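Shown next, in C-alpha cells, is the structure this report addresses.
Residue numbers (my numbering): 5 to 472.
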C-alpha cells in the first residue's frame with residue numbers, strides 16, 4: 005500500500021481523456037450544464053476508452069462537481085463504500101479546491117487514515133470507518149454533500165465509489181441537486197418539500213449515530229429543501245417495524261403517487277438493472293415475487309398485485325451483463341471487477357435466468373462500458389412511457405432492500421446502508437408519466453433519457469450471467 009504522499013503522485017490526465025478533451029475547456033461553466041439537465045439533473049460518468057461519451061450532454065465527471073461555477077465551496081461530506089484517498093485529493097487539487105475541509109465516512113480506504121492523521125498529513129479531513137456487524141451488510145450508500153460560503157447545500161447521490169476506475173471505466177449514475185439555500189428568518193416552515201426530502205435525508209444521516217455528522221445535520225436543518233423534486237430512498241441496518249426504509253418505504257410512496265392506466269396496469273413491466281445479485285432463494289416466490297416485486301408493483305390504481313386474492317403476474321425483467329458483454333467490453337475480463345455476482349449463489353437460483361436481459365446501451369454510447377449503476381423503473385409495454393424511475397446504490401438483494409422476518413411483528417430486516425433518489429412525474433414534470441420515446445425530440449423537459457436501450461433483449465439459451 006502506498007503512503008499518503010506517494011498516493012498523491014498521480015499521472016496527469018491522458019491526452020485523449022475526458023479530463024483533457026472536455027473538462028479543461030468547460031471549467032467555470034458547469035452550472036450551465038446543470039441548468040440544461042433540468043428538471044432531472046441525472047448524469048452518467050465519462051468512459052475514457054470511448055470519446056463518443058464525451059460529447060453527450062448528460063455526461064459528468066467528478067471534478068465537475070467541484071467547479072467554481074457551482075458556488076464558493078467551503079467543505080464537503082462524502083459517505084461512500086470505497087475511497088482511493090490520493091485520487092480523491094487530486095480532484096480537489098486540480099480544481100483549485102486544495103485544503104478545503106472534508107468529512108469522510110467509508111468502509112474501505114486504500115490508506116490508513118488514522119496513521120496519516122497521527123503524522124498530521126491530512127489536517128483538513130475528519131474521517132470515520134463504518135463497521136457493519138453483519139457479514140453480508142455494508143456501508144454501501146454513496147452520498148456527497150457540498151457546503152458553500154452562502155450557507156447553501158448541494159446533495160449528490162451516485163453509484164460510484166470514490167475511486168479512479170469507477171469514474172473512468174464503468175457506467176455510473178449521478179444525480180446532482182440544485183443548491184438548497186439557507187432558510188430565511190421570516191420562513192416559518194420546516195424547509196421540507198412535498199417529497200419529504202429533507203426529513204428523509206436527516207433520518208439517513210442520524211441513523212449513523214456518529215458525532216462526526218452532527219455539524220452536517222445542523223447544516224441540513226438550517227437549509228430550505230422545499231425545491232427538491234425527488235424522493236430520497238434510504239436503507240439502514242436493523243429490524244424495522246415502520247415502513248420508512250428499503251423496499252417497504254418505496255412501496256409506500258408508489259402507492260400514493262405512481263400512476264398507471266386503469267385498463268392495463270399489469271401490462272407495465274418492472275425493470276431492475278444492477279451490478280451484483282444476492283442470494284434470492286431457491287424459488288422466485290421465496291422473496292423476489294412475494295416481497296420485492298410486490299412492493300415495486302404498488303401504484304395509485306387500487307391494488308395492482310391481486311385480484312380476488314390471487315396474485316396478478318407482473319412482467320419483470322432484470323438487466324445484468326452476460327459473459328459475452330464483459331468479454332467484449334473495453335477492457336475485457338478486467339471490467340468484470342465491477343460485477344461481483346457469486347457463481348455459487350447463481351447455481352442455487354438458476355430460475356432467475358428466465359428474467360435476465362443483456363446490457364445494451366447503444367443510445368447512450370455505453371454498451372462496451374460495464375454498468376456499475378443500479379436502476380429500477382416501470383415502463384409501458386410499448387416502451388414509450390414510464391411511471392417512475394429510481395437511481396440507487398442498492399443491488400438486487402435482501403441485504404440491501406430488506407426481507408420479512410418470520411416473527412409476529414413481521415419486521416423488515418435490512419443489513420446494509422443504501423441510498424437512492426426516486427423520480428415521479430407528478431413532482432418532476434407535473435405529468436402522469438415520463439416520456440421515454442426515443443423518436444420524440446430530446447429537448448423536451450418531459451423526456452427522460454434511460455441508461456439502457458429499449459426494447460430489452462432477453463438472454464439467449466447460450467447466454468450466461470457474468471459471475472466470479
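Virtual Cβ for every residue (Gly too), placed ideally from N, Cα, C.
Predicted model only: the values in this text are computed from it and were never measured.
Coil, strand or helix - residue i by DSSP
i, result
"residue 431", "helix"
"residue 416", "strand"
"residue 257", "helix"
"residue 15", "Any reading at residue 15 must be qualified, since the residue scores a pLDDT of 46, below 50, and its modelled position is unreliable; no value is offered."
"residue 92", "helix"
"residue 58", "coil"
"residue 305", "coil"
"residue 250", "helix"
"residue 470", "coil"
"residue 118", "helix"
"residue 421", "strand"
"residue 294", "helix"
"residue 10", "Residue confidence is low: residue 10 scores 47 on pLDDT, short of 50, so the model does not pin down where it sits. No coordinate-derived value is stated."
"residue 25", "helix"
"residue 232", "coil"
"residue 147", "strand"
"residue 225", "helix"
"residue 97", "helix"
"residue 458", "coil"
"residue 44", "coil"
"residue 442", "coil"
"residue 328", "helix"
"residue 66", "helix"
"residue 299", "helix"
"residue 107", "strand"
"residue 262", "coil"
"residue 53", "coil"
"residue 475", "Missing from the structure shown is residue 475; the chain here goes from 5 to 472 and no further."
"residue 411", "coil"
"residue 449", "coil"
"residue 139", "coil"
"residue 72", "helix"
Nearest to residue i (by Cα), restricted to the options the options
i, options, result
"residue 190", "114, 204, 228", "228"
"residue 84", "172, 465, 36, 420", "420"
"residue 70", "127, 449, 222, 104", "104"
"residue 381", "365, 452, 207", "452"
"residue 23", "74, 35, 99", "99"
"residue 140", "330, 258, 418, 20", "418"
"residue 216", "351, 132, 89", "132"
"residue 321", "293, 305, 330", "293"
"residue 90", "114, 72, 388", "114"
"residue 95", "211, 110, 171", "171"
"residue 458", "387, 466, 406, 86", "387"
"residue 92", "126, 353, 252", "126"
"residue 408", "316, 364, 249, 134", "249"
"residue 316", "329, 298, 164, 413", "298"
"residue 142", "354, 450, 402", "402"
"residue 258", "33, 238, 303", "303"
"residue 238", "296, 161, 135", "161"
"residue 222", "57, 246, 272, 187", "187"
"residue 341", "357, 374, 356, 328", "374"
"residue 455", "53, 440, 469, 449", "440"
Whole-angstrom C-beta distance between residue j and residue i, which should lie under 8 Å
i, j, result
"residue 233", "residue 43", "6 Å"
"residue 106", "residue 122", "The Cβ separation is near 18 Å, so there is no contact."
"residue 146", "residue 397", "5 Å"
"residue 377", "residue 61", "Between residue 61 and residue 377 the Cβ distance is about 18 Å, and since that is not below 8 Å, they are no contact."
"residue 230", "residue 285", "The pair is not a contact, with the Cβ atoms about 42 Å apart (cut-off 8 Å)."
"residue 345", "residue 280", "5 Å"
"residue 416", "residue 244", "5 Å"
"residue 391", "residue 263", "6 Å"
"residue 389", "residue 443", "Actually they do not touch by this definition, with Cβ atoms about 13 Å apart."
"residue 156", "residue 201", "Rounded, the Cβ-Cβ distance is 15 Å, inconsistent with contact."
"residue 430", "residue 261", "6 Å"
"residue 109", "residue 129", "Not confirmed; about 11 Å, so no contact."
Test item: CB-CB of residue i and residue j under 8 Å
i, j, result
"residue 64", "residue 150", "no"
"residue 301", "residue 275", "no"
"residue 435", "residue 347", "no"
"residue 208", "residue 361", "no"
"residue 158", "residue 193", "no"
"residue 369", "residue 334", "no"
"residue 395", "residue 425", "yes"
"residue 88", "residue 166", "yes"
"residue 235", "residue 199", "yes"
"residue 283", "residue 330", "no"
"residue 324", "residue 278", "yes"
"residue 383", "residue 179", "no"
Heavy atom of the ligand FAD within 7 Å of residue i beta-carbon
i, result
"residue 132", "Because no ligand of any kind appears in the structure shown, any question about the ligand FAD cannot be addressed here."
Handout entry: Uninterrupted beta strand (DSSP E) stretches inside the segment 332-402 (no shorter than 3 residues)
Key = Runs found: 378-383, 389-396.
Exercise for the section: May I have a chain-ordered list of the beta strand (DSSP E) segments no shorter than 3 residues that lie completely inside the segment 152-223? Expected result: Counting only runs of 3 or more, we get 157-162, 177-180.
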